[in-house]
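Chemist: Residue numbers for the sequence shown follow the numbering used here, beginning at 247 and rising by one. Don't be surprised by glycine CBs; every beta carbon is placed ideally from N, CA and C.
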Amino acid sequence: MDDPLEVLLVEDNPTDARLVRELLRDADPGSRAFRLEHVTRLTHALERLAQGRVDVVLLDLHLPDSNGVETLARIQLKAPDVAVVVHTGLNDDALAIEAVRRGAQDYLTKGEVDGHRLAQVLRHAAARRSVERVRTRAVSLAAHELRGPLTPIQSLLQMLLAGELGTLSDEQRAAAQVVMRNVARMAGLVQDLADAARIQEGTLAMRAQEVPLSALVEEAAASFAEPARQAGLDLRVDVEPGMQAWADPRRTTQAMFNLLSNAVKFTPSPGRISVTADADHGLARIEVRDSGVGLTGEQLAGLFRPFGQVHGTPQEAAAGMGLGLYLSRMLAERQGGRLWAASAGPGQGTTFTLEVPLLAPRAEAPEPEAPEAAPAH
Ligand SMILES: Nc1ncnc2c1ncn2[C@@H]1O[C@H](COP(=O)(O)OP(=O)(O)OP(=O)(O)O)[C@@H](O)[C@H]1O
Ligand SMILES: [Mg+2]
């Protein structure tokens, strides 16, 4: 017989906790299939998860020290391999579904389960998580293997274009440039796949440091001046100077690039894009606003899911996989920030808001990667 499944119940309500214990005892009287541990705070759950050997977390999202999907995010960050079953109240269906969208394996409504069902859901969640793990590993390996050959292809093309392998005719040069652009696009797609797999495996390292955020935003916007002009769009930039953040500069730029490339992609000419950034209560609020195709409420809800393309792609050359916003949100959240979208409706343009924690004076650097990486403010 298999080892019992280690279940960590995270529940602050003693009545709910007792009920779960009793239900599980009914379903598994000899504790041969399940071993239950119980904690009442998120911080205690995180400490317990750090010790390892938990298969399933049965999680109340409303805890004294954490609330809503944030609770799930913190668990996933600490223990990406663990299965999570969200345990919600009667009127919390929308929250439960949102948790499943964000990677929880299942949910149960309090008071609506018997022991048999509880046992079934816990077993199913653990099995599902291990299948997902294999799938993510396969994507991660494939992305890694695909990246290998791209590096020599790109460097040989660079040598070719630099004339180091002989003089090229105009036609040869034009052909090599087309190949170069397509290889660069392929490298971008492979990189996005690798990043998404790493996020899901919990192995994406963030290298947080002191970042001149105002300059970073200005530079990101400046690199879209030419694409915007070519697309017939008016790009305005208004950034409060001197903002310093504690963030991973490469990942923050990656998120900005995605928001800007989306704005260019989804705004027909003539149109406007504006980039603004201000400090507000210890956070930088960066807005990328466009006058483009806009989004319905339903489309807004699906935007940040992996492969969440809602418009089809207007220009083949700009076609992506729909990972950009998923990655951008994950990257923002992993450095203690947020990313969300708003639109007044189809044809009314879209505004994306990226919040990045600003640097407060502090004695020592926080640990990178943890969500606590946001400086206290
Ligand atoms: N500024 C915008 N205006 C309207 N719709 C947008 C905007 N930005 C994103 N979207 C919608 O959200 C979808 C997801 O965006 P996302 O950046 O994740 O993917 P993508 O740009 O299609 O591909 P990728 O970023 O992977 O290259 C887009 O396909 C589009 O339908
Ligand atoms: Mg995109």
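(1) What would DSSP say about S415, mapped onto helix, strand or coil?
(2) Nearest to R482 by alpha carbon, out of D536, D526, F512?
(3) Spell out the partners DSSP gives Q500 in its beta bridges.
(4) At a cut-off of 7 Å, is Q555 close to ligand 1 when judged by its beta-carbon and the heavy atoms of the ligand?
(5) Among A590, G568, V534, which residue has its Cα nearest to the Cα of F550?
(6) So what's R383 in DSSP terms, helix, strand or just coil?
(7) Buried or exposed for P487, going by 16 or more other Cβ atoms inside 10 Å?
(8) On the three-state DSSP scale, how would you describe H557?
(9) Would you identify the three-state DSSP class for P260, choosing helix, strand or coil?
(10) Just to check, is the beta-carbon of G570 closer than 7 Å to a non-hydrogen atom of ligand 2?
(11) Is the beta carbon of G208 less than 8 Å from the beta carbon of L304?
(12) In this structure, how does DSSP classify V425 when only helix, strand and coil are distinguished?
(13) Compare the C-beta of Q455 with all C-beta atoms of chain C and state if any pair is closer than 8 Å.
(14) State the DSSP-derived secondary structure class of P603, mapped to helix, strand or coil.
(15) Below 7 Å, is the gap between the Cβ of G488 and the nearest heavy atom of ligand 2?
(16) Using the DSSP secondary-structure output, state which residues sit across from D352 in a beta bridge.
Modeler: Per the coordinate set shown:
(1) Here residue 415 refers to the residue found at position 169 when the sequence shown is read from its first residue. In the structure shown, S415 sits in coil (DSSP, three-state: anything other than H, G, I, E or B).
(2) As a first step, residue 482 is located in the sequence shown; it is residue number 236 there, counting from the start. That would be D536, whose Cα lies nearest to the Cα of R482.
(3) As a working note, residue 500 is residue 254 in the sequence shown. Beta-bridge analysis with DSSP links Q500 to no other residue.
(4) Position 309 of the sequence shown holds residue 555. It does: the Cβ of Q555 is within 7 Å (strictly closer) of some heavy atom of ligand 1.
(5) For this step, residue 550 is matched to residue 304 along the sequence shown. Ranking A590, G568, V534 by Cα distance to F550 puts G568 first.
(6) For the purposes of this step, residue 383 is identified with residue 137 of the sequence shown, where counting begins at 1. Helix at R383.
(7) Taking the sequence shown and counting its residues from 1, the one referred to as residue 487 is at position 241. Around the Cβ of P487, a 10 Å sphere holds fewer than 16 other Cβ atoms; the residue is exposed.
(8) Indexing the sequence shown from 1 puts residue 557 at position 311. Coil.
(9) By one-based count along the sequence shown, residue 260 stands at place 14. DSSP places P260 in helix when its eight states are reduced to three.
(10) Counted from its first residue, the sequence shown places residue 570 at position 324. For ligand 2, at least one heavy atom lies less than 7 Å from the Cβ of G570.
(11) It is not possible to answer for residue 208, since the shown part of the chain is limited to 247 through 623.
(12) In the sequence shown, the residue the question calls residue 425 occupies position 179. It is helical.
(13) Although the question refers to chain C, the structure presented lacks it and comprises just one protein chain.
(14) If you number the sequence shown from 1, residue 603 lands on position 357. The answer is strand: DSSP assigns P603 an E or B state.
(15) For the purposes of this step, residue 488 is taken as the residue at position 242 of the sequence shown. No, since every heavy atom of ligand 2 falls outside the 7 Å radius drawn around the Cβ of G488.
(16) For the purposes of this step, residue 352 is taken as the residue at position 106 of the sequence shown. V331.
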